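Novice: In the numbering used here, the protein residues as written are 35 to 179. Backbone N, C-alpha and C fix where the C-beta goes; we use that ideal spot for every residue, glycine too. Since the structure is predicted, the reported quantities are computational estimates derived from the model, not experimental observations.
Printed below as a string of structure tokens:
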């Protein structure tokens with residue numbers, strides 16, 4: 035049986051993600067100035083969707099999960115369920131920074147990223163549209179041994 039080496043696929047993902055993440059970061063800045071720009075929101079959703087799918091295909095599930103939550107929030111902003119405010123940007127930048135770190139450090143210690151806390155904050159924002167409530171969330175308690 036031939037052993038599968040995913041390193042080439044991960045390298046390709048990292049290369050593609052770098053461009054998409056740059057565009058997403060720029061999009062967050064532009065969205066602060068023009069929160070009703072549906073074309074921009076659609077582009078950001080496509081970029082997050084691409085990161086979500088590409089990372090899942092190469093087994094980078096944490097990246098995929100964060101990108102998925104971003105995409106969910108953007109859908110609600112696009113559909114005007116939530117009004118985009120600058121407070122959304124803070125959490126978006128945290129999520130994008132986490133994705134950059136995780137993508138750049140595949141296979142290394144990733145404990146510098148508070149994934150449980152970030153995912154909890156993104157989930158609260160996706161469910162409530164309230165960035166204040168999301169910012170107040172800390173990581174869920176780990177179960178006792």
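Our contact map puts residue 129 next to residue 104 with C-beta atoms below 8 Å; I'd like the distance itself, whole angstroms only.
Specialist: That pair is a contact at about 5 Å.
Novice: Can you tell me where the alpha helix (DSSP H) with residue 60 in it begins and where it stops?
Specialist: First-last of the alpha helix (DSSP H) with residue 60: 41-67.
Novice: Here's the rule: buried if 16 or more other CB atoms are within 10 angstroms of the residue's CB, otherwise exposed. What is residue 165?
Specialist: It counts as buried.
Novice: Can the beta-carbon of residue 65 be found closer than 8 Å to that of residue 71?
Specialist: Yes. Within cutoff.
Novice: Quick one: is residue 88 buried, meaning 16 or more other Cβ sit within 10 Å of its Cβ, or exposed?
Specialist: Under this definition residue 88 is a buried residue.
Novice: Could you compute how far the alpha carbon of residue 148 sits from the alpha carbon of residue 52?
Specialist: For residue 148 and residue 52, the distance between alpha carbons rounds to 21 Å.
Novice: Just checking my contact of residue 85 with residue 75 at CB under 8 Å: how many whole Å lie between their CB atoms?
Specialist: Not confirmed; about 16 Å, so no contact.
Novice: Could you check whether the segment 108-121 touches the segment 39-56, counting it as contact only if at least three pairs of C-beta atoms, one from each stretch, sit closer than 8 Å?
Specialist: Because the criterion of three Cβ pairs below 8 Å is not met, the segment 108-121 and the segment 39-56 do not touch.
Novice: Is it buried or exposed, residue 137, if we count other Cβ atoms within 10 angstroms and call 16 or more buried?
Specialist: Buried: at least 16 other Cβ atoms inside 10 Å.
Novice: So, under 8 Å CB-CB, residue 99 and residue 153 are touching, yes? Tell me the CB distance rounded to an integer number of Å.
Specialist: That belief holds up - the Cβ atoms of residue 99 and residue 153 are roughly 6 Å apart, short of 8 Å.
Novice: Under the rule that 16 or more other beta-carbon atoms within 10 Å means buried, what is residue 155, buried or exposed?
Specialist: Residue 155 should be labelled buried.
Novice: Taking the Cβ atom as the reference point for each residue, do residue 63 and residue 101 lie within a distance shorter than 8 Å?
Specialist: No, the pair does not count as a contact, with Cβ atoms beyond the cut-off.
Novice: Using the three-state DSSP reduction, which class does residue 103 fall into: helix, strand or coil?
Specialist: Of the three classes helix, strand and coil, the one that applies to residue 103 here is helix, per DSSP.
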